[in-house]
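As they're listed, the protein sequences go chains A and B.
Residue 8 is where the first sequence starts when you use the numbering used here, and the numbers rise one by one after that.
Residue 8 is where the second sequence starts when you use the numbering used here, and the numbers rise one by one after that.
Here the structure is laid out as structure tokens; the discussion comes afterwards.
2 protein chains.
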Amino acid sequence: MANGAAVRGGSSGSNGRRARATLRDVAEAAGTSRSTASRALGGHGYVADHIRERVQAAAERLGYVPDVSARTLKGRGSGLVGVLVSDLRNQFYAELAAGVEHTLSAAGYQMVLVDDHSDDERAAAGARAFLAMRADGVLLTPVGRTATENLVGHGVPVAEMDRRSGVRGCDVVSIDNERGARLAVEHLIALGHRDIGIVVDETQWDTGRNRLKGYRAALRDAGLATPRRHVLDLSRSEGVGDQRTQLTAFFDGNSAVTAVFAANNVMAELVWQELKRRGADVPSSCSLVSFDDLAWMKMVEPGVTAVRQPVFDLGGRAAELLLARIGRDDAGRAGSVVLEPELVVRGSTVAPKG
Amino acid sequence: MANGAAVRGGSSGSNGRRARATLRDVAEAAGTSRSTASRALGGHGYVADHIRERVQAAAERLGYVPDVSARTLKGRGSGLVGVLVSDLRNQFYAELAAGVEHTLSAAGYQMVLVDDHSDDERAAAGARAFLAMRADGVLLTPVGRTATENLVGHGVPVAEMDRRSGVRGCDVVSIDNERGARLAVEHLIALGHRDIGIVVDETQWDTGRNRLKGYRAALRDAGLATPRRHVLDLSRSEGVGDQRTQLTAFFDGNSAVTAVFAANNVMAELVWQELKRRGADVPSSCSLVSFDDLAWMKMVEPGVTAVRQPVFDLGGRAAELLLARIGRDDAGRAGSVVLEPELVVRGSTVAPKG
DNA sequence: CTGTTAGCGCGTTCAT
DNA sequence: ATGAACGCGCTAACAG
């Protein structure tokens, strides 16, 4: 909701701003009725050519811009699509949003972007706002069931990205996380590693959970054990400071570990810095693989081996799915797309010494 | 505009979705008139307590969500703020958007985000869309005068970020670019460098131009010359490939250069990679300073000395300025804020050898 | 305190 | 081919 202090849109402010031109103004200027002007500009129905031109000229001259609110009220659809992401400052979500925006704007839709900071409460508030503005659809990286349930319950087409809340009736576009994790871990195994650690996060959601699962599966398939202390789950940590502390303890207690799989870009950054801080040479004393390939990973020396996800595309595909549902006015059969990740081998992974 | 194919919002689709509850529904369910229901929910005017409760209960039960379109049409303000950035995939703009969103959502406004890809045409289209949706205000990183002029001409409060188009009547929040460039170059001079190159971009805008200016000024003040070949302006280059080529040529023809100032994060990345590609050791064979401090700059070895800009804050401040204008319904006296950059010294800069 | 009335700007009947 | 009239959902003014 707009701040209570918000004032009128454009009428009689003390400043000299003239009221925005309305269809009535255009009609009067062109000497026709409002309906005719509407048809002339909208391109529907019959309008004499010279009238049309006159109306268009008037509209141009007056700087007429049709009012979406009015159009929306008529039941036309708002042209707005709500997008809810967890953290815009995280490159992953920024790129996701960019992909969404790209597809949306190409289709003539506008993106309303809300950052929920992984907070279900804020996500719910965002959902309400989208409902209120009659968003034609909503794309989100779910942090809970609330938002999706509310939206779907109101008949708004929803597409979930990267994660799935489990709520039925919405499209889901995700990465094959288990497979990606396997790619990473199998790569390490192939190099000869046997003591492989994982630093993971957000295991309350399927994305993190599946990466952990893939890690375990790969080890199991290779006949390797997964000591509990090889798994560092930072999901319940309190702040970055706490994470660093736990990470330090993790390495202190795992001198046997020769390689680490960081289950997302945030974890990768954390691990990289911890490794650097303790003077552990990468890759000679510890190999590193990241899930999610960010720009810095190819800038550093050695480059970080990473599981590349088509993030921009992920957003684009989700938007496409959603737009298709909007176009069909069909809240029914929701689609599901799983995109394939790809391993990019760089210098951070080598055979263990010895 | 919404795709022409877009269909009705939520009435009689073939699916079973029930029409969204309207104020009338709530009123009927509560056994009152629409106005009373409106007051009860809005908290204005007089309403008997027991009636209020009954209405609120009904609203809750029906999952009533007020319709912004209708409210907007009444002249209430849309609660929407348009934001136009040049490239969401660039961390700089992503963080800027994040800062804007943070402030906006705290004030109860929604951010409509459009990526114009530095294209004036697309920016103009975005501006039209914002006008059409009755955005209460617009924040943008201008790529020309068109968008701002159109908006300001229509009486919409506008705040420009990072760059200034020169159009009067809008707020401007920027970084002291000349000062930042001086910080960078003076640092190099203090280290003993005399042949300092600059790789710059987007000199068609004040931001790039002022950084170039600061570079020149710092050299001049130190009594140093600025050979033309020490300045590489990539503004007119065609694609990244071309930029790389020019960069290679630049270093080939400037063997005397002992330090380079990269005028933004994109240039810094380019320079870093070129230096790496040609096996030039940083900093021993060439020092590097970047304008804009990204995450990777502290990950790499050596870390990149950078001019840090308060990007998130920049977005936040711009949003604050805009909100103040919206609150005052005042398109008049536009404000201007200049934020100070800060030099962060890391390993990429040392005294020249010899 | 409450209900009735009017109108925001637009598109869409339905008559002409 | 054009115009008059209605209503989308809501709130502000006015009666009661």
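All residues carry an ideal CB built from backbone N, CA and C; glycine is no exception.
Answer with yes or no whether the minimum CB distance from residue i to chain B is below 8 angstroms.
i        : result
A/Ala105 : yes
A/Arg96  : yes
A/Pro7   : Outside the shown range of chain A (8 to 361) lies residue 7 of chain A, about which nothing can therefore be said.
A/Met306 : yes
A/Pro359 : no
A/Ala131 : no
A/Val75  : yes
A/Glu281 : no
A/Thr79  : yes
A/Ser112 : yes
Would you mind telling me which residues of chain B sit closer than 9 angstroms to residue i, beta carbon to beta carbon, in chain order?
i        : result
A/Gly70  : Leu138, Asn157, Gly160, His161
A/Ala302 : Gln98, Glu276, Leu301, Ala302, Trp303
Going along chain B, which residues have a C-beta under 8 angstroms from residue i?
i        : result
A/Gln117 : Val119, Val121, Ala136, Met140
Could you check what DSSP says for residue i in three-state terms: helix, strand or coil?
i        : result
A/Gly16  : Note that A/Gly16 has pLDDT 35, beneath the 50 cutoff, so the model's placement of it is unreliable and the number below is only indicative. Coil.
B/Ser42  : helix
B/Thr155 : helix
B/Val278 : helix
A/Thr255 : helix
A/Glu349 : strand
B/Leu95  : coil
A/Thr312 : strand
B/Gly2   : Outside the shown range of chain B (8 to 361) lies residue 2 of chain B, about which nothing can therefore be said.
A/Gly89  : strand
A/Ala114 : coil
B/Leu120 : strand
B/Met168 : strand
A/Val145 : strand
A/Val344 : strand
B/Gly221 : helix
A/Ser181 : strand
B/Ala270 : coil
A/Ala136 : helix
B/Val33  : helix
B/Leu321 : helix
B/Leu241 : coil
A/Ser3   : Past the edges of chain A, shown from 8 to 361, lies residue 3 of chain A, and the structure says nothing about it.
A/Val206 : strand
A/Leu295 : strand
To the nearest whole angstrom, what separates the beta carbons of residue i and residue j, a pair I think is in contact under 8 angstroms?
i        : j        : result
B/Val92  : B/Ala104 : 6 angstroms
A/Leu239 : A/Gly215 : Not confirmed; about 12 angstroms, so no contact.
A/Gly187 : A/Pro309 : The pair is not a contact, with the Cβ atoms about 21 angstroms apart (cut-off 8 angstroms).
A/Trp303 : B/Ala263 : Their Cβ separation, rounded to whole angstroms, is 31 angstroms, which puts A/Trp303 and B/Ala263 out of contact at 8 angstroms.
At a cut-off of 7 angstroms, would you count residue i as near the ligand HEM, judging by its Cβ distance to the nearest heavy atom?
i        : result
A/Leu195 : As for the ligand HEM, it is missing from this structure, which has no ligand bound.
I want to see whether chain A comes within less than 8 angstroms of residue i, judged by CB atoms only; does it?
i        : result
B/Ala188 : no
B/Arg353 : no
B/Glu327 : no
B/Leu295 : no
B/Arg27  : yes
B/Ala85  : Before going on, a small fix: residue 85 of chain B reads as Ser here, not Ala. Yes - at least one Cβ of chain A is within 8 angstroms of the one on B/Ser85.
B/Ala101 : yes
Strictly below 9 angstroms CB to CB, what residues from chain A border residue i?
i        : result
B/Glu128 : Result: empty, since nearest Cβ-Cβ is about 12 angstroms, beyond 9 angstroms.
B/Glu108 : Leu95, Leu120, Val121, Asp122
Counting only Cβ pairs nearer than 7 angstroms, list the residues of chain B close to residue i.
i        : result
A/Ala366 : Residue 366 of chain A lies beyond the residue range present for chain A, which begins at 8 and ends at 361; the question has no answer from this structure.
So, do the stretch 138–151 of chain B and the stretch 114–127 of chain B have three or more beta carbon pairs nearer to each other than 8 angstroms?
yes
Three Cβ pairs or more, each shorter than 8 angstroms: is that satisfied between the stretch 130–138 of chain B and the stretch 157–166 of chain B?
yes
Inspect the CB distances between the stretch 281–299 of chain B and the stretch 320–329 of chain B and report whether three or more fall short of 8 angstroms.
no
For the 8 angstroms Cβ check, are there 3 or more pairs between the stretch 43–58 of chain A and the stretch 74–85 of chain A?
no
Does the stretch 274–289 of chain B come close enough to the stretch 254–270 of chain A to have 3 or more Cβ pairs within less than 8 angstroms?
no
Between the stretch 263–274 of chain B and the stretch 263–272 of chain A, can you find at least three pairs of beta-carbon atoms closer than 8 angstroms?
no
Inter-stretch contact (C-beta, 8 angstroms, three-pair minimum) for the stretch 217–225 of chain B and the stretch 186–200 of chain B
yes
Count Cβ pairs between the stretch 247–256 of chain A and the stretch 224–231 of chain A that sit closer than 8 angstroms; are there 3 or more?
no
Is the stretch 60–69 of chain B in contact with the stretch 56–69 of chain A, if contact means three or more CB pairs nearer than 8 angstroms?
no
Is the stretch 329–336 of chain A touching the stretch 312–319 of chain A in the sense that three or more CB pairs, one from each, lie closer than 8 angstroms?
no
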